[in-house]
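Asks: Quick note, the sequences are listed as chains A and B, same order. Residue numbers for the first sequence follow numbering that gives the first Met the number 0, beginning at 0 and rising by one. Residue numbers for the second sequence follow numbering that gives the first Met the number 0, beginning at 0 and rising by one. The C-beta atom is built at its ideal place from N, Cα and C for all residues, glycine as well. Small disclaimer: the values here were computed from a predicted structure and weren't measured.
2 protein chains.
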Amino acid sequence: MPEKMTKSSNVVWHQAQVSREMREKQNAHRGAVLWFTGLSGAGKSTLAHAVEEKLHRMGCRTFVIDGDNVRHGLCADLGFSDVDRVENIRRVGEVAGLFVQAGVLTLTAFISPFREDRARVRSILGDDFIEVHCDTSLDVCESRDVKGLYKRARAGEISDFTGISSPYEAPEHPELRVDTGTDDLGVCVDQVIAYLAGKRVIRA
Amino acid sequence: MPEKMTKSSNVVWHQAQVSREMREKQNAHRGAVLWFTGLSGAGKSTLAHAVEEKLHRMGCRTFVIDGDNVRHGLCADLGFSDVDRVENIRRVGEVAGLFVQAGVLTLTAFISPFREDRARVRSILGDDFIEVHCDTSLDVCESRDVKGLYKRARAGEISDFTGISSPYEAPEHPELRVDTGTDDLGVCVDQVIAYLAGKRVIRA
């Protein structure tokens, strides 16, 4: 090792590099990020996990990044202030970028209400960024209120709650818009899978 | 989708969950983190990438996390103060944990000079943490000085340089100690691979 390393560590480095292309060939699909955005209760996590399950069954390498696995870990130091929310989304974007380099079909599920934050992630990920708007009306989300958050937000117990006391800036030109308000889950899943096949991210 | 989601989003969530075990079965190997630690110039990155290449050829899913892919991205907001170094290693540990959940054999290459920081990562990763000490004497590292950093550190141009003006706390009980100072690169790679096979992380 000393011989090779002292002469030129760069050469050794590049010789040993496993490239993204090599991983994608191994996986027989491309790496990409499905960025699910939408109101609380719009179905982001549910759809992301359902899409992941289908992709997994198809033999793809997948991973879902959501509040459950980053808020207690990577972003445990962050609260819910504006600054911290921006940093939270930035870190998720960067980590998603690492997963893409690893050849993984990555799915993220965050409200990510601000266009500017999503634009920043898009600039990190470039063509690997697939914005999926889980389009459900506020009325429907509030009537579901699975976690009881809307009730608490209306009661003033939660401040800056997206859709109630803080804006949700809907994507203007998302790669994909999914009607998670009225369509069946299976229909939404098929729509996402069809998109990936059409873009040759996965094999049809 | 609304039907299933409003009745119980938790049920849908769990039905759709792709577990770590499912990924590991798909990959035919376990997820784990090979945490390479050692002085600058000890051969951490070189060894990590060489091990990765071998694992990739064996059909494993792998990823190397190192300064090159986090310092300009996920940790671009961090400098080299004590506080920032601690946070840098913490984030890398957390991200490595996500990759393990994704079933990936993850390799990290950071000096990570302080026992306390590595102990924190070990507490995050538990049994998935495999500490690999790239054991090379300071003399050898300094004589290699591939990046010219030791020369600059001796000239006082870099402060808190590990081994020169800041301590390197060698692991007391690493899972693996590799003699990157005298052994050939191939020997070191084989030693790491043999360890993984012995622990049944990969198939022999």
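1. Which of the three DSSP states, helix, strand or coil, is assigned to residue 32 of chain A?
2. How about residue 191 of chain A and residue 99 of chain A: are their beta carbons less than 8 Å apart?
3. Checking the sheet assignment: what are the DSSP bridge partners for residue 22 of chain B?
4. Output yes if chain E places a C-beta closer than 8 Å to the C-beta of residue 96 of chain B; else output no.
5. So with Cβ pairs under 8 Å, would you call residue 132 of chain B a contact of chain A?
6. Can you tell me which of the three DSSP states residue 176 of chain A falls into?
7. Can you tell me whether residue 115 of chain A is helix, strand or coil according to DSSP?
8. Going by beta-carbon coordinates alone, are residue 118 of chain A and residue 107 of chain A separated by less than 8 Å?
9. Along the chain, which unbroken stretches of the beta strand (DSSP E) at least 3 residues long are found entirely within the stretch 33 to 109 of chain A?
10. Using the C-alpha atoms, what's the distance from residue 162 of chain B back to residue 183 of chain B?
11. In three-state DSSP terms, what is residue 171 of chain A?
12. Taking 8 Å as the CB-CB cut-off, is residue 73 of chain B touching chain A?
13. So, helix, strand or coil for residue 131 of chain B, using DSSP?
14. Short of 6 Å in beta carbon distance, which residues of its chain neighbour residue 157 of chain B, apart from the five on each side in sequence? Order them along the chain.
15. Using 8 Å as the threshold, is the C-beta distance between residue 179 of chain B and residue 46 of chain B below it?
16. So residue 156 of chain B is in the alpha helix (DSSP H); what residue range does that whole segment cover?
17. Quick one: does residue 83 of chain B have its CB under 8 Å from some CB of chain A?
18. Are there 16 or more other CB atoms within 10 angstroms of the CB of residue 199 of chain B, so buried, or fewer, so exposed?
19. Roughly how many angstroms lie between the CA atoms of residue 149 of chain B and residue 41 of chain B, to the nearest whole one?
20. Pull up the distance between the alpha-carbon of residue 143 of chain A and that of residue 110 of chain A, whole angstroms please.
Replies: The short version:
1. Position 33 of the first sequence, counted from the start, is the residue given in the question as residue 32 of chain A. Residue 32 of chain A: strand per DSSP, three-state reduction.
2. Start at 1 with the first residue of the first sequence, and residue 191 of chain A comes out as number 192. Start at 1 with the first residue of the first sequence, and residue 99 of chain A comes out as number 100. Taking 8 Å as the Cβ cut-off, residue 191 of chain A and residue 99 of chain A do not qualify as a contacting pair.
3. What you label residue 22 of chain B is simply residue 23 of the second sequence in a count that begins at 1. Paired residue(s): none; residue 22 of chain B is not in a bridge.
4. Although the question refers to chain E, the structure presented lacks it and instead comprises the protein chains A and B.
5. The residue you call residue 132 of chain B lines up with position 133 of the second sequence. Not one chain A Cβ lies under 8 Å of residue 132 of chain B.
6. Here the question's residue 176 of chain A lines up with position 177 in the first sequence. If DSSP states are grouped into helix, strand and coil, residue 176 of chain A belongs with the strands.
7. On the first sequence, position 116 is the one that residue 115 of chain A refers to. If DSSP states are grouped into helix, strand and coil, residue 115 of chain A belongs with the helices.
8. What you label residue 118 of chain A is simply residue 119 of the first sequence in a count that begins at 1. What you label residue 107 of chain A is simply residue 108 of the first sequence in a count that begins at 1. No, they are not a contact pair.
9. 61 to 65 and 104 to 108
10. As a working note, residue 183 of chain B is residue 184 in the second sequence. As a working note, residue 162 of chain B is residue 163 in the second sequence. Cα-Cα distance, rounded: 23 Å.
11. As a working note, residue 171 of chain A is residue 172 in the first sequence. In this structure, residue 171 of chain A counts as coil in the three-state DSSP scheme.
12. Your numbering for residue 73 of chain B matches position 74 in the second sequence. By this cut-off, residue 73 of chain B is an interface position.
13. Locating residue 131 of chain B in the second sequence gives position 132, counting from the first residue. Looking at residue 131 of chain B - three-state DSSP - the assignment turns out to be strand.
14. Numbered from its first residue, the second sequence carries residue 157 of chain B at position 158. Once the five neighbours on either side are set aside, the close Cβ partners of residue 157 of chain B are 151.
15. Against the second sequence, residue 179 of chain B aligns to sequence position 180. Against the second sequence, residue 46 of chain B aligns to sequence position 47. Yes.
16. Numbered from 1 along the second sequence, position 157 holds the residue referred to as residue 156 of chain B. Run containing residue 156 of chain B: none; DSSP gives neither H nor E here.
17. Against the second sequence, residue 83 of chain B aligns to sequence position 84. Closer than 8 Å: no.
18. Against the second sequence, residue 199 of chain B aligns to sequence position 200. Exposed, by the Cβ-count rule.
19. Locating residue 149 of chain B in the second sequence gives position 150, where the first residue counts as 1. Locating residue 41 of chain B in the second sequence gives position 42, where the first residue counts as 1. Distance between the alpha carbons of residue 149 of chain B and residue 41 of chain B is about 12 Å.
20. Translated into positions along the first sequence, residue 143 of chain A becomes position 144. Translated into positions along the first sequence, residue 110 of chain A becomes position 111. Taking the straight line from one Cα to the other gives about 16 Å.
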